[in-house]
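**Q** Just dropping this structure here.
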Amino acid sequence: MSKPVRRGAGPGVTGSGACPARRGDLVRSGRPPSFRTWWALFRVQLKVGLPISPRAFASRRSARLGWNEWLWLFLTALSFLILSFVVLVAASESYEVLAVIGQADAMLTIFFGTALMLLLMFGLVSIASTFFFARDLPQLVSLPLPAGTIVSAKLATVLVNQWLSMIFLVPAVAVYGVRQGVATGYWLKAAAVLLLLPLPTLALAAVLAVGLVRLAGRTRHRDWVVVAGSLVTVGVLLVAQIVPYSVLRDVDAAQLGRALGNLAGLVGRYSPPALWATRALATGAPFGGIGHLLLLASTGAGALAVAGWLGHRLFFRSLAASLESPKRLPAGEAGGAVTGLARRRSPFRALLWREWAVLWRTPTFAMNTLLPMVLFPLTLALSWWMGMGNGAEVFRHLEAQLTTPSARAWSAVLGVAATTSAGLFGFLGASALSREGRAFWVSQILPVPAHHQVAAKLLFACAVSWVGGMPLGAAVGLPFRWTPALWAYWLVTAFLGVVAVNALQLALDLWRPKLDWTDPRGAVGYNFNVLLAMLAGAACLGGMGVVAFLASAVGPAFRLAAVFAYLLLLAAGSTVLVLGASKRAYRVAAPPS
209 MSKPVRRGAG PGVTGSGACP ARRGDLVRSG RPPSFRTWWA LFRVQLKVGL PISPRAFASR
269 RSARLGWNEW LWLFLTALSF LILSFVVLVA ASESYEVLAV IGQADAMLTI FFGTALMLLL
329 MFGLVSIAST FFFARDLPQL VSLPLPAGTI VSAKLATVLV NQWLSMIFLV PAVAVYGVRQ
389 GVATGYWLKA AAVLLLLPLP TLALAAVLAV GLVRLAGRTR HRDWVVVAGS LVTVGVLLVA
449 QIVPYSVLRD VDAAQLGRAL GNLAGLVGRY SPPALWATRA LATGAPFGGI GHLLLLASTG
509 AGALAVAGWL GHRLFFRSLA ASLESPKRLP AGEAGGAVTG LARRRSPFRA LLWREWAVLW
569 RTPTFAMNTL LPMVLFPLTL ALSWWMGMGN GAEVFRHLEA QLTTPSARAW SAVLGVAATT
629 SAGLFGFLGA SALSREGRAF WVSQILPVPA HHQVAAKLLF ACAVSWVGGM PLGAAVGLPF
689 RWTPALWAYW LVTAFLGVVA VNALQLALDL WRPKLDWTDP RGAVGYNFNV LLAMLAGAAC
749 LGGMGVVAFL ASAVGPAFRL AAVFAYLLLL AAGSTVLVLG ASKRAYRVAA PPS
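Here it is as structure tokens:
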């Protein structure tokens, strides 16, 4: 460690006279950290974590892009445009429906509430990953920096990434503004709302993450405690958002009319920031909603202040708890573990076990995989429970129509698509190589052919996605009372769909794996492979829908056969493609030192 600069020493000379002091050092001994120190740390964090920086696209340590990086950049921009167009269409349709009953403002509340829920869920994962599971923590902790500087720099990095995700709310805000014919003040307030909206949820996510890590540090299986605690937290938040709407299940016409007369207030009752944002942008005087805008700003600032104070007080203790060595195993259990490690198993089984270990040893990877698989079935179950009274009557009246051969055939196709969507949103194939990060050199020196390793990655991703998507497909089949033949068709065809989607995603990750990351979210959340993989998976499902529609003119049986043949050909072709590209990908990929 260099000594502090002596008074009177020449510029650039330390106390020992041997080590020149650099002007851009993060820390100067004996002085409190200044804004310049914080800014330097924030820039370093931003360069590593921001997905649109040149390093996010360049395969070399250079900001200069080659033709393949330019192609990747074009495809990424295309993905953003397609997703933005989907949001635009959804916002336009929602506005048309709600404007008929005079509740156009509720469209903004619905979109803001949905965005806040997603920001809170994924913000919890991002905070836990960035603060407690990033690989740069030992270096940061060793610096003579207070906890507040580290916490605020990392929190600001996560906030910038959440601001980028708010881009997808721009179409909804634009639809409302154009349809209402607003003045210039609306667009200024809209920009302020989009900047302020993530603040309350990010602060709440930070508080929850600190609590989860402190709780997990007291247990032996701390990683599993963090994963389970995050899933339970998300489930509780989801229940708190959805269950209150069940009060509308048994209301009479007059009560329903009063509720629909203030739909924005009803939706925003359980998400106050969404309601404040809507009131701030409500039509009328250009600056008529300035009070709600100030309320949103003060709430966000206060929440961030509380999160920063808690982080300053608890960061090092929570980090120490997360890094604490677990209790020693008894001699008998330790011997059993050694025996288990020494047990002989086939190379392919060992590769499958390695994929399992890579996924579950990092809570961030496990949460990103389990969250969609738990979230969607839970949402369906809650929705069904909310509408049990009227929903059962509807299904009884439509039972004859739902059990026709044509309806059952369409439902089987829908069940296949629902199960396949678990592979689409699980991101296992899209991050199979990227999850290894700097340790990818281990895969390159293993005495196992590259196509065997890729086959193990593909099989593991397909198995997890297939099992995770079963509740979604079963939820489709139960109301339609599938026959045993349709259940068997769904299981086999859904597996083909999962193979096709994961193979396409894995091919993208083979083409350009992201190995230079310090935060585990860099392999999944901040990896554009995931965005392109979603686009490829959506194209796969869209092609299946087109095939089913074209084949419906012949008959239900032909429709099912056509969908099966389409997915079989796509799964076989994509598997051959990914196995054929594995050798070159393993040879070309260069993990950072």
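Counting in this note's numbering, the sequence shown runs from 209 upward without gaps.
Using N, Cα and C, we set each Cβ at its ideal position, and we do this for glycine too.
For L758, is the classification buried or exposed, using 16 other Cβ atoms within 10 angstroms of its Cβ as the cut-off for buried?
**A** L758 comes out exposed.
**Q** In whole angstroms, what is the alpha-carbon distance linking K255 and A364?
**A** Approximately 13 angstroms, taken between the alpha carbons.
**Q** Answer yes or no: do L694 and A773 have a C-beta to C-beta separation smaller than 8 angstroms?
**A** In this structure, A773 does not lie closer than 8 angstroms to L694 by Cβ.
**Q** I'd like to know whether the C-beta atoms of L636 and N710 end up nearer to each other than 8 angstroms.
**A** For L636 and N710, yes; Cβs fall inside 8 angstroms.
**Q** Excluding the 5 residues flanking T357 on each side, which residues of the same chain have their C-beta closer than 8 angstroms to its C-beta?
**A** Cβ neighbours of T357 beyond the five flanking positions: P241, T245, W246 and L249.
**Q** Whole-angstrom Cβ separation of A744 and L716, contact assumed at under 8 angstroms?
**A** Contact flag correct, Cβ pair sits at about 7 angstroms.
**Q** Just to confirm, is the Cβ distance from L778 to A708 under 8 angstroms?
**A** The answer is yes: Cβ separation under 8 angstroms.
**Q** With a threshold of 7 angstroms on Cβ separation, who are the neighbours of K362 within its own chain once the five nearest residues in sequence on each side are excluded?
**A** Hits under 7 angstroms: Q253, T338 and F339.
**Q** So, under 8 angstroms CB-CB, A702 and T612 are touching, yes? Tell me the CB distance rounded to an integer number of Å.
**A** Actually they do not touch by this definition, with Cβ atoms about 22 angstroms apart.
**Q** Counting pairs of beta carbons, one from the stretch 725-733 and one from the stretch 563-578, are three or more of them closer than 8 angstroms?
**A** Verdict: yes, contact present.
**Q** Given a cut-off of 8 angstroms, decide if L567 and A663 are closer than it, judged by their beta-carbon atoms.
**A** It is not a contact, given that the beta carbons lie outside the stated cut-off.
**Q** Does the distance from the C-beta atom of M581 to that of G623 stay below 8 angstroms?
**A** The answer is no: Cβ separation not under 8 angstroms.
**Q** In its own chain, which residues sit with a C-beta less than 7 angstroms from the C-beta of F556, not counting the 5 before and 5 after it?
**A** Result list for F556: H660 and A664, in chain order.
**Q** With burial defined as no fewer than 16 other Cβ atoms inside 10 Å of the residue's Cβ, what is the status of W698: buried or exposed?
**A** So W698 counts as buried.
**Q** Just checking my contact of G342 with D727 at CB under 8 angstroms: how many whole Å lie between their CB atoms?
**A** The amino acid at residue 342 is misidentified as Gly; the sequence shows Ala. 4 angstroms between Cβ atoms; contact.
**Q** Less than 8 angstroms between the beta carbons of G510 and S360, yes or no?
**A** For G510 and S360, no; Cβs fall outside 8 angstroms.
**Q** What are the start and end residues of the alpha helix (DSSP H) that includes A176?
**A** Residue 176 lies beyond the range of the chain shown here (209 to 801); nothing can be said about it.
**Q** Can you tell me whether DSSP reads G781 as helix, strand or coil?
**A** Correct three-state label for G781: helix.
**Q** I'd like the span of the alpha helix (DSSP H) that includes W649, first residue to last.
**A** From DSSP, the alpha helix (DSSP H) with W649 extends over F648 to I653.
**Q** So which of L410, G781 and V383 has the shortest CA-CA distance to V295?
**A** When only C-alpha atoms are compared, the closest one is V383.
**Q** Could you spell out where the alpha helix (DSSP H) holding T486 opens and where it closes?
**A** Segment P480 to L489, the alpha helix (DSSP H) holding T486.
**Q** Excluding five sequence neighbours on each side, which residues of the same chain lie with their C-beta closer than 7 angstroms to the C-beta of G497?
**A** Once the five neighbours on either side are set aside, the close Cβ partners of G497 are K397, R487, A488, L489 and A490.
**Q** Distance check for T409 and L775, CA to CA, integer angstroms please.
**A** Using only the alpha carbons, I get a separation of about 40 angstroms.
**Q** Between which two residues does the alpha helix (DSSP H) holding V684 run?
**A** A658 to F688 is the extent of the alpha helix (DSSP H) around V684.
**Q** Indicate the three-state DSSP secondary structure (helix, strand or coil) for P352 in the structure shown.
**A** Coil, per DSSP.
**Q** Considering only the beta carbon of each residue, do G310 and L404 sit closer than 8 angstroms?
**A** It is not a contact, given that the beta carbons lie outside the stated cut-off.
**Q** Can you give me the start and stop residues for the alpha helix (DSSP H) that Q713 sits inside?
**A** First-last of the alpha helix (DSSP H) with Q713: P692 to W719.
**Q** W725 by DSSP, collapsed to three states: which one?
**A** If DSSP states are grouped into helix, strand and coil, W725 belongs with coil.
**Q** How would you call R767, buried or exposed, if buried means at least 16 neighbouring beta carbons within 10 angstroms?
**A** Buried, by the Cβ-count rule.
**Q** Do A658 and L723 come within 8 angstroms of each other at the CB atom, strictly closer than that value?
**A** Their beta carbons are not under 8 angstroms apart, which means L723 does not touch A658 by this criterion.
**Q** When you compare the CB positions of L327 and Q370, do they come within less than 8 angstroms of one another, or not?
**A** Yes; because the gap between Cβ atoms is below 8 angstroms, this pair is in contact.
**Q** For F319, does the three-state DSSP call read helix, strand or coil?
**A** Residue state, collapsed to three classes: helix.
**Q** Using the Cα positions of V390 and V381, report the straight-line distance between them to the nearest angstrom.
**A** Going from the Cα of V390 to the Cα of V381 covers about 11 angstroms.
**Q** With distance defined between alpha-carbon atoms, name the residue in T392, A482, L502 and Q652 nearest to R795.
**A** Of the candidates T392, A482, L502 and Q652, the one whose C-alpha sits nearest the C-alpha of R795 is Q652.
**Q** Going by the CB atoms, is the gap between L680 and S629 shorter than 8 angstroms?
**A** Yes, the pair counts as a contact, with Cβ atoms nearer than the cut-off.
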